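Enquirer: Pasting a structure below so you can have a look.
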Amino acid sequence: MTLSLSLIKRCLVVFSRHYRQAPIQASAILLGIMLAVTLLIGVKATNENAKQSYGETTELLSQRASFYLTDKDQTGIDEAAYFALRQAGIPALAVIEGIASDPQGRSWKVNGSDIMAAVSMQPHQDDQSSKAKQTTPAIPLQRLLAGYPSVVISDNLIERINALTQGQLILNDIPVELIPIEASLGLGNSMLTDISFAQQLLDMPGKLSYIAIFFPLDKSPSVIDSQRTQIIAALEQAGFDSRQVLIDNQDDGESLSALTASFHLNLDAMSMLAFVVGLFIAYNGVRYSLMKRQRLFIQLLQMGVGRHNLLIALIIEIICLVIVGSIIGFIIGLQLSQWLQPMVAMTLEQIYGAKLLPGLWQWQWFAQGLGLTLVASLGACWPLLLQLSRMSLAQGAQRQAQLIPYEKLFKQQALTACILLASSAILFNFTSQYKHSLILLGIVTIAIPLLLPMTISIGVRLLLPLMPKGLWQYVVAETKEIIAPLSLAMMAILLALCANISMNTLVGSFEVTLKQWLDARLHADLYIRPNPNALLDVNAFLDAEPKVTAVYKQWQTEAKLQRDQSNLSNIIPINLVSRDFYSIKNTTVFKSPDNLDESFWSEFEQGKNVFISEPLSIKYQLNIGDKINIDKLSKTTNNLLSTPVAQTNSEMFTIGGIYFDYGNPMGELIISPYLWQHYHLPPNPISLAVDYQGDNELLQQALISQQGLSSASMYSQQRIKDEAIKMFTKTFSITVVLNSLTLLVAAIGLFSACMMLTQARLAPLARLYALGVSRKQLRIMVTSQMMLIVLLTCLLALPMGAILGYLLINKVTLQAFGWTIAMIWDWQAYSRVVMIAMLSCLVSVALPLYWQTRKPLISSLQQETL
């Protein structure tokens, strides 16, 4: 067959005129593509900007640091060390971070730095780049450097903060002025002030949280060692004990990327689900459009248009529709990303301490979205295009002839779904990585909608004998005929319902599990995390208070764990923790072992065993009885040079227990107080817990008035529980939002499918009307058919959604986050989702049905005979 460009062009002109007469068909196709690309690009832009921020995060109003200096004892580094480094000619920046509270008890994170030093070390300061010129005048340096009680914030936050504070922010009893600056300067959600006011506000006189060093970034070990030596020499020359200072180098955001990998993968999975739902809608529109043009295609073939020319014209048509839909979806997706980014930024900052930079878009995202959509669309439509291009010129349009292949197709789809589900059930037993489990979860998600057409067909067949003879039996019998044209829209609804049910199960189960864990973990009446400099005075005050019956202490420091000494790359950063023995014994909730006898606790108390958190155990496949090294628990550990664990004279410790931990994105390891003291770890605890026989409010007021503590540093049991639930619910909040958007997309798809189907069924409805069936009865009949199909879809969604929820909880979440969650059935939430689906269906059917049946039905019979 020879191709003719002129014939292909004429076919395209005919197709365009067809869409001018039937704009609903083109709109349905574009709508599906647009919605698919919108959610895909919206989440991708959000994720890519977040990941890019990890590696490009700078000190506020400055550039990226190459080293960070902190105090080994965690009491804050002396500011004299900063002055010593500056005098030695080392480019350094003093930084203070802390929490302040307002009169309503809300906590606000405050950052303080040497503003002049920060501005002077901005990128390209040597050639006085445009950025440096623009930044300095935008900051009220005179007010900040004078120690005036003010903070600078991004201008896009000023309205939100003013709404919370009624225009007057008071932090730690000090009225603070808010000064907005351009969001492009990269403050994010941070409040920044000069170090002089920050020390006063956070009660850290003469102390710094850390010192940032700005050497030229160079990854070669020799350069890094030389820079470390230069820092040590400057400190030693100024009379500082360099062994009390920890020096960590910049890791280009690798640690944050590792921590947040599962969070971003979760978003990617949800965006792909929404993308698939959108493609279902687009494919449904393409299929309907092709079915409605069968007679037109036959006429074109009879007029001499070659089959290959017709096929090429149809492919070009789909490509054009994909391009237009992708452009619109890309633009809306970037706007969606702007709405999602503040939610993601707040979640990542509160849970992982990550700061997100202002988002930028890349044309490659459009190319990726367009390419993926084009391949998926052509792949889905290719069998249908081939079938239409090969049809007989004498083929009629009998409805029964069209239904026979669909019965066979439904059986094939159901058989394929059963094979996929069975294979996934077997393979799930061999997965230990959440990425592999997500792939299998994707296969299950694909298999579930393939079961739907056959399930609905069987349900209708079983229901048919129960219907009274007459119109109602006809209604149920005819329902079988609309399963095929509605199957894809119902698959999209099924996917959205399953995702919604599974996420409701996950979030509800997580909340219950977290509350139970907090009830067991929190045993004291009041928890205090004071300024390190005031901790000893606070402890002495509590010891002297007669109504304080017990004071519990917790120590914490950063450390590195290594399982295999022969593998230097197998070094794991952890939080090393110890508590008083009573707290460890009575508040640690163990996953294993089950037998906690006296010998178990005796070995731990003597330092023979250590406990690791469940996330650490799962992520690195550590089990009870494994031998590990810990760099801080060594005889000659050089923390300053960050010597690899294997090069130190470390002792081997045995893992004696694995405990549940839902509050730490990093791995955690608990050692006994004996080991903590034996290895001379930081002597001062980071927090205190108090049992108090009286009103906690009175004790807090006494600590505020007599010890100068802020309310932000004291937490009651209930406040900790409330904030923990609020914080960790935010981990899933954006996923829940995407779930709702997916359900909305599916509902829109159902609406467009119902619109097209109602238009296609006008002729059969007109015949019934001619036989004496009233318009009201016709509307009730069509609505009942649709409601029946949606009800059967919801009945399938309940068990399938529960299966997805089970896999999310017991496979994906367990492997990705390291959290064991007890699965809780939330029947109220399930009923709510089903009701939303039924109402969406009712609206989707009622509106187009009302619009179409208002027209003269006799005209539909006349069009059918044309």
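For the sequence shown, the tail end lands on 2012 under my numbering, and the numbers increase by one without skipping.
Every residue gets a Cβ at the ideal spot worked out from N, C-alpha and C, and that includes glycine.
All figures in this text were calculated on a predicted structure; none of them were measured in a lab.
Based on Cα-Cα distance, which residue from L1988, A1943, L1995 and Q1961 lies nearest to P1091?
Expert: No answer is possible for residue 1091: the residues shown for the chain start at 1147 and end at 2012.
Enquirer: Residues in the same chain with beta-carbon distance under 6 Å from K1957, minus the five sequence neighbours each way, listed in chain order, please.
Expert: Result list for K1957: S1583, in chain order.
Enquirer: Measure the C-alpha to C-alpha separation of Q1864 and I1832 and round it to an integer number of angstroms.
Expert: Roughly 21 Å separates the two Cα atoms.
Enquirer: Is A1278 helix, strand or coil when you go by DSSP?
Expert: Only weak support is given to the placement of A1278: the predicted model assigns it a pLDDT of 38, under 50, and the value that follows is read from those uncertain coordinates. Note: A1278 maps to helix in three-state DSSP.
Enquirer: Assuming E1704 is part of the beta strand (DSSP E), what are its boundary residues?
Expert: V1694 to Q1708 is the extent of the beta strand (DSSP E) around E1704.
Enquirer: Are three or more beta carbon pairs between the stretch 1872-1886 and the stretch 1158-1166 nearer than 8 Å?
Expert: No, because fewer than three Cβ pairs between the stretch 1872-1886 and the stretch 1158-1166 fall closer than 8 Å, the two stretches do not touch.
Enquirer: G1951 lies in the alpha helix (DSSP H); which residues open and close that run?
Expert: Segment R1921 to L1953, the alpha helix (DSSP H) holding G1951.
Enquirer: Do you know whose CA, among Q1579, L1722, Y1356 and Y1294, lies nearest A1238's CA?
Expert: Of the listed residues, the one whose Cα sits closest to A1238 is Y1356.
Enquirer: Between the beta-carbon of V1979 and the beta-carbon of I1464, is there less than 8 Å?
Expert: No; because the gap between Cβ atoms is not below 8 Å, this pair is not in contact.
Enquirer: Should the stretch 1179-1195 be regarded as contacting the stretch 1883-1892, the criterion being three or more beta carbon pairs within less than 8 Å?
Expert: With the cut-off at 8 Å, the stretch 1179-1195 and the stretch 1883-1892 touch.
Enquirer: Classify S1977 as helix, strand or coil using the three-state DSSP reduction.
Expert: Helix.
Enquirer: State the beta-bridge partners of V1723 as determined by DSSP.
Expert: BP columns for V1723 point to Q1702 and I1816.
Enquirer: For T1339, is the classification buried or exposed, using 16 other Cβ atoms within 10 angstroms of its Cβ as the cut-off for buried?
Expert: Answer is buried; the Cβ neighbour count reaches 16.
Enquirer: Starting from the Cα of I1816, find the closest Cα among R1675, A1893, A1226 and K1778 and give me that residue.
Expert: For I1816, the nearest C-alpha among the options comes from K1778.
Enquirer: Tell me, please, which residues DSSP counts as bridged to P1678.
Expert: BP columns for P1678 are empty, so no partner.
Enquirer: Alpha carbons only, please: which of W1254, I1359 and V1160 is nearest the one belonging to T1311?
Expert: For T1311, the nearest C-alpha among the options comes from W1254.
Enquirer: Who pairs with I1357 in a beta bridge, going by DSSP?
Expert: Note: I1357 sits in a beta bridge opposite L1215 and A1240.
Enquirer: Please report how far the alpha carbon of E1328 lies from the alpha carbon of I1359, in whole angstroms.
Expert: Going by the C-alpha atoms only, they are around 26 Å apart.
Enquirer: What does the alpha-carbon distance come out to for the pair K1699 and F1687?
Expert: Approximately 15 Å, taken between the alpha carbons.
Enquirer: Which of the three DSSP states is assigned to F1799 in this structure?
Expert: Reduced to three states, the DSSP call for F1799 is strand.
Enquirer: Does DSSP put S1162 in a helix, in a strand, or in coil?
Expert: Of the three classes helix, strand and coil, the one that applies to S1162 here is helix, per DSSP.
Enquirer: Taking the continuous alpha helix (DSSP H) assigned at P1367, which residues delimit it?
Expert: Residues P1367 to Q1383.
Enquirer: Taking the beta strand (DSSP E) that V1322 belongs to, which residues open and close that run?
Expert: I1320 to I1327 is the extent of the beta strand (DSSP E) around V1322.
Enquirer: Taking the continuous beta strand (DSSP E) assigned at D1340, which residues delimit it?
Expert: Per DSSP, D1340 belongs to the beta strand (DSSP E) from M1337 to D1340.
Enquirer: What span of residues does the alpha helix (DSSP H) with Y1861 cover, start to end?
Expert: Where Y1861 is concerned, there is no enclosing alpha helix (DSSP H), although the beta strand (DSSP E) it sits in stretches over M1860 to S1862.
Enquirer: Can you pull the DSSP bridge partners for G1753?
Expert: Paired residues: none, contrary to the question.
Enquirer: For I1871 versus L1652, is the C-beta spacing smaller than 8 Å?
Expert: Their beta carbons are not under 8 Å apart, which means I1871 does not touch L1652 by this criterion.
Enquirer: Tell me the DSSP secondary structure of K1615 in three-state form.
Expert: K1615: coil per DSSP, three-state reduction.
Enquirer: L1425 and G1178: beta carbons closer than 8 Å?
Expert: Closer than 8 Å, so yes.
Enquirer: In three-state DSSP terms, what is N1257?
Expert: The answer is strand: DSSP assigns N1257 an E or B state.
Enquirer: Tell me whether C1157 sits in a helix, a strand or coil according to DSSP, three-state version.
Expert: C1157 falls in the helix class under three-state DSSP.
Enquirer: Could you round the C-beta distance between L1924 and Y1915 to whole angstroms and report it? I think they count as a contact, below 8 Å.
Expert: Their Cβ separation, rounded to whole angstroms, is 6 Å, which keeps L1924 and Y1915 in contact under 8 Å.
Enquirer: Hey, how far is the Cα of L1643 from the Cα of V1422?
Expert: The alpha-carbon atoms of L1643 and V1422 are separated by roughly 14 Å.
Enquirer: With distances taken between CB atoms, is the gap from I1720 to E1814 smaller than 8 Å?
Expert: The answer is yes: Cβ separation under 8 Å.
Enquirer: For A1196 and K1693, I'd like the C-alpha separation in whole angstroms.
Expert: If I take the Cα positions, the gap works out to 49 Å.
Enquirer: Does the Cβ of I1801 have 16 or more other Cβ atoms within 10 Å, making it buried, or fewer, making it exposed?
Expert: I1801 comes out buried.
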